[in-house]
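Shown next, in structure tokens, is the structure this report addresses.
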Amino acid sequence: MANKNPPPPPPDERVIYLAFKNVFKGQEAAIRNTKPIRKLIQKHQGQNAVADLVREHNIDVLCNATQVLLSQEIFSSTLKAKLRFPELFDPSPNQSAEKEASEAEAARHEADAIEQVVQSQQEIAKPPPNEPPPSTLKEKDLGHSFTDAVAGIPSLFPTYLPFPIQHKLLVYLQNLLERACYDFGVHAMSSTLRDRQWSCAESVELNRWTEEFFKRKYILANAGHTGVSLDEVLRSVANIRHTAVHRLRVSAKAIQQFLLDAETLATLLKNHLYTEKIGKLRRDTQTIIEELEQNKHFLRSRLDETLQRIASQRAELEIMEAMAVAKMKKEDDEYQTLADRSFEEAIEPSEASFSTAFETEQDPMIMAGCDEGGSENDEDEMVEDNHIEQEWDV
9 MANKNPPPPP
19 PDERVIYLAF
29 KNVFKGQEAA
39 IRNTKPIRKL
49 IQKHQGQNAV
59 ADLVREHNID
69 VLCNATQVLL
79 SQEIFSSTLK
89 AKLRFPELFD
99 PSPNQSAEKE
109 ASEAEAARHE
119 ADAIEQVVQS
129 QQEIAKPPPN
139 EPPPSTLKEK
149 DLGHSFTDAV
159 AGIPSLFPTY
169 LPFPIQHKLL
179 VYLQNLLERA
189 CYDFGVHAMS
199 STLRDRQWSC
209 AESVELNRWT
219 EEFFKRKYIL
229 ANAGHTGVSL
239 DEVLRSVANI
249 RHTAVHRLRV
259 SAKAIQQFLL
269 DAETLATLLK
279 NHLYTEKIGK
289 LRRDTQTIIE
299 ELEQNKHFLR
309 SRLDETLQRI
319 ASQRAELEIM
329 EAMAVAKMKK
339 EDDEYQTLAD
349 RSFEEAIEPS
359 EASFSTAFET
369 EQDPMIMAGC
379 DEGGSENDED
389 EMVEDNHIEQ
399 EWDV
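Position 50 of the sequence shown, counting from 1, maps to 58 under the numbering used here, and the rest follow consecutively.
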């Protein structure tokens, strides 16, 4: 019996994920049946990565492998994709350093903007001067763009939420904290609420609560130990209000810190209802931000691979260019040598003909010269002989 060819190896799931990541996204990531999977694969066969997979594997095998990844939510969840293919998402040391530097710079800008808001409010609270001072409040939008160390490549960090989402989230968080603070004040600060006519949660802004808590730290200090600085928590909670009211854009990392400090304050207030609500909001937000950042790491890693491939191709092209230039120079030198030889071959017969003709013209002239010289000598000798004869006669 003839040996049958071994079956081809199954398609690499990592390659499938890379090829179809931008195909099975959004609503398409929820597809589970092979028929629509096949249609999408056929629709995107114009893409090089998809075309390579289709050529290498049977389309039925490819559909089945893709269906497995879809059923495991690998395309719909970046976190699950990271667990499945960690090498695709792990940031390089350069990426980690870039992320930390950009987040640190963003934090400085955010702190400066909030400080200016606080100072502006303090100036408003003072009696007005004779001449109003110039405004010191800088641009509120802190959505700075950072540039990578590699020229021309924009940095994907720090991560920012869409501003409408950020504003809605912080306003909601401020509302939860104001209600938690009011519930606490009703039991622990009833006289203050009565004296200031704070009759509901909406009557007191969040930063006013933090001011009251700064004056009564012992109330919160006795509520429990969280292992964090109470001053830092209260300042951060006040900044939630400033950021929401003054529409300051902050990074996703700052939002995560706001949520963590808000949960800490709710814990100190012993309000289990709002602690749970804020805790769930923090966990959900953290999951979304992690998805965003993992996708950014993936995109940057893919770009790095593409740039490396381009650099390799560029190096090969430079070698080909150098070889082409060297070949041109070599062939030109060879042609120059041939041309020199052709000139020599063309000149040699002409030189020989010229030399022969010159010698032929010179021979008669030489002979003529010799004859003329002989006649003159003979005449001289005859004159001399006649002269001698005359002398003898005398």
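Just so you know, even glycine gets a beta-carbon here, dropped at the ideal spot from N, CA and C.
Under the three-state DSSP convention, the category residue i falls into
i: L145; result: Any reading at L145 is ruled out, since the residue's pLDDT is 38, under 50, leaving its predicted position unreliable.
i: P162; result: strand
i: E313; result: helix
i: M168; result: In the sequence as displayed, the identity of residue 168 is Tyr instead of Met. In this structure, Y168 counts as coil in the three-state DSSP scheme.
i: P19; result: coil
i: H254; result: coil
i: H52; result: coil
i: L273; result: helix
i: I39; result: coil
i: K337; result: helix
i: S350; result: helix
i: I24; result: helix
i: F266; result: helix
i: N303; result: helix
i: S259; result: coil
i: K288; result: helix
i: I47; result: Inspection of the sequence shows that residue 47 is occupied by Lys rather than by Ile. Reduced to three states, the DSSP call for K47 is helix.
i: K29; result: coil
i: K278; result: coil
Buried or exposed (CB count within 10 angstroms, at least 16 for buried), residue i
i: G54; result: exposed
i: V245; result: buried
i: S110; result: buried
i: F351; result: exposed
i: T283; result: buried
i: V76; result: exposed
i: P18; result: exposed
i: N66; result: exposed
i: I24; result: buried
i: N279; result: buried
i: S199; result: exposed
i: H250; result: buried
i: E118; result: buried
i: E220; result: buried
i: S163; result: buried
i: D203; result: exposed
i: G34; result: exposed
i: Q50; result: exposed
i: Q316; result: exposed
i: K335; result: exposed
i: Y226; result: exposed
i: C208; result: exposed
i: T218; result: buried
Residue i CB to nearest heavy atom of the ligand ATP below 8 angstroms
i: R216; result: With respect to the ligand ATP, the structure shown offers nothing to examine, as it has no ligands at all.
With a cut-off of 8 angstroms, do at least 3 Cβ pairs link the region 302-310 to the region 89-102?
yes
Which whole runs of the alpha helix (DSSP H) in the region 56-127 are 4 residues long or more, in chain order?
56-64, 67-79, 86-92 and 94-97
At 4 residues or longer, what runs of the alpha helix (DSSP H) sit wholly inside the region 178-256?
198-203, 214-223, 225-229 and 238-253
Three CB pairs or more closer than 8 angstroms across the region 285-301 and the region 76-92:
yes
Three CB pairs or more closer than 8 angstroms across the region 104-124 and the region 314-322
no
Are at least three pairs of beta-carbons, each pair with one atom in the region 161-175 and one in the region 250-266, less than 8 angstroms apart?
yes
contact_flag[the region 179-187, the region 267-281] where n(CB pairs < 8 angstroms) is 3 or more
yes
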